[in-house]
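Peer 1: In terms of the numbering used here, the sequence shown opens at residue 511 and continues consecutively. C-beta atoms are modelled at their ideal positions from N, C-alpha and C, and glycine is treated no differently. Bear in mind the structure is a predicted one, so any value in this text is a computation, not a measurement. The structure's right below; bear with me while I get my questions together.
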Amino acid sequence: MNITLTVVVSAIVILITALVVITMFGGTVTTFSTISEATNNCRTTGKIACETTGQLPFTWETKFKAGDSVTDCKTLAQCDSCTACGWTLETQQPAGGGQTGSGR
Numbered sequence: 511m512n513i514t515l516t517v518v519v520s521a522i523v524i525l526i527t528a529l530v531v532i533t534m535f536g537g538t539v540t541t542f543s544t545i546s547e548a549t550n551n552c553r554t555t556g557k558i559a560c561e562t563t564g565q566l567p568f569t570w571e572t573k574f575k576a577g578d579s580v581t582d583c584k585t586l587a588q589c590d591s592c593t594a595c596g597w598t599l600e601t602q603q604p605a606g607g608g609q610t611g612s613g614r
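Structure representation (structure tokens):
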């Protein structure tokens, strides 16, 4: 009886959590007034993502409304990878000019 109750309560908690997440992220539809504004946004977010994570944003191929058309960042930026876009992961040097250890 206790195991069944635990399973049911766990399932309800998981479902409520899933509904909250879907509500938070599923309802937002991005709309840009012009293609130029959308293109600039795509290039900025793509460049930042590539330089920090080495990958394009997971929304790179998500359709959105720009002006009178529906498009995605892949189409506007005309590239489908960080390398093709010309953006690369920036590696940071450790403090001290890249030297590690005691320097002896």
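I'd like to know if the stretch 517 to 529 and the stretch 553 to 563 are in contact, where contact means that at least 3 CB-CB pairs between them fall below 8 Å.
Peer 2: No: fewer than three Cβ pairs fall under 8 Å.
Peer 1: Considering only residues of the same chain and omitting the five flanking positions on each side of residue 555, which have a CB-CB separation below 6 Å?
Peer 2: Only 567 meet the Cβ criterion.
Peer 1: Should residue 483 be labelled buried (16 or more other beta-carbon atoms within 10 Å of its own) or exposed?
Peer 2: There is no way to answer for residue 483, as the model of the chain reaches only from 511 to 614.
Peer 1: Helix, strand or coil for residue 595? Go by DSSP, reduced to three states.
Peer 2: Residue 595 falls in the helix class under three-state DSSP.
Peer 1: Whose C-beta lies closer than 6 Å to the C-beta of residue 552 among residues of the same chain, with five residues either side of it excluded?
Peer 2: Once the five neighbours on either side are set aside, the close Cβ partners of residue 552 are 583, 586 and 587.
Peer 1: Less than 7 Å between CB atoms is the rule here; does residue 563 satisfy it with respect to chain C?
Peer 2: Absent from the structure: chain C. Only one protein chain is present.
Peer 1: Exposed or buried, which one is residue 548 when buried takes at least 16 other CB atoms within 10 Å?
Peer 2: Buried: at least 16 other Cβ atoms inside 10 Å.
Peer 1: By the 10 Å Cβ neighbour count, where 16 or more other Cβ atoms means buried, how is residue 594 classified, buried or exposed?
Peer 2: Answer is exposed; the Cβ neighbour count stays below 16.
Peer 1: On the criterion of 16 or more Cβ atoms from any shown chain inside 10 Å, does residue 576 qualify as buried, or is it exposed?
Peer 2: It counts as buried.
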